[in-house]
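To start, the structure itself, in structure tokens.
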Amino acid sequence: MNNIYNTVIAPIITEKATKISEKNQYVFKVKVDSNKKEIKQAIEKLFKVKIKKIKTIKIKGKNKIFKGTKGKRADFKKAIICLNKGENIDYSGGVS
């Protein structure tokens, strides 16, 4: 297993992600080559919660032009984590 800090890159905090967090679902950006088992182990160790279900989505990077040079943004993977009832994740740990 990879290091848990390398598997989970960051939480995705958007309007849509905030809306589904009311349904006990949270969205994270994860490594492209990680599988559901690795993601589950990493989230459970990091946040000390029990996961009910995981959905993963691979997002292809957009093609962009910067100062006349064509380029491509990196591909990434999102994981939507469904938690058991009574569980929640606090993104802002330590922020006051």
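Residue numbers (my numbering): 39 to 134. Using N, Cα and C, we set each Cβ at its ideal position, and we do this for glycine too.
Would you kindly work out how many angstroms separate the C-alpha atoms of residue i and residue j, rounded to a whole number?
i	j	result
G132	E60	Any answer about G132 is weak, because its pLDDT of 46 lies below 50 and its placement is not dependable; what the coordinates show is given next. So the two alpha carbons sit approximately 22 Å from each other.
A112	K102	11 Å
G109	G99	10 Å
I95	F104	27 Å
If I follow the unbroken alpha helix (DSSP H) through residue i, where does it start and stop?
i	result
N44	I42 to T45
I77	K74 to F85
Check for me: the beta strand (DSSP E) holding residue i runs from which residue to which?
i	result
I217	In the structure as shown, the chain begins at 39 and stops at 134. Residue 217 is therefore absent and cannot be evaluated.
T107	T107 to K110
K115	F114 to L121
I want to see whether chain C comes within less than 8 Å of residue i, judged by CB atoms only; does it?
i	result
A117	Among the chains of the structure shown, chain C does not appear; only one protein chain is present.
What whole-angstrom Cβ distance do residue i and residue j have, given they're in contact under 8 Å?
i	j	result
V68	I77	6 Å
N122	K75	Their Cβ separation, rounded to whole angstroms, is 18 Å, which puts N122 and K75 out of contact at 8 Å.
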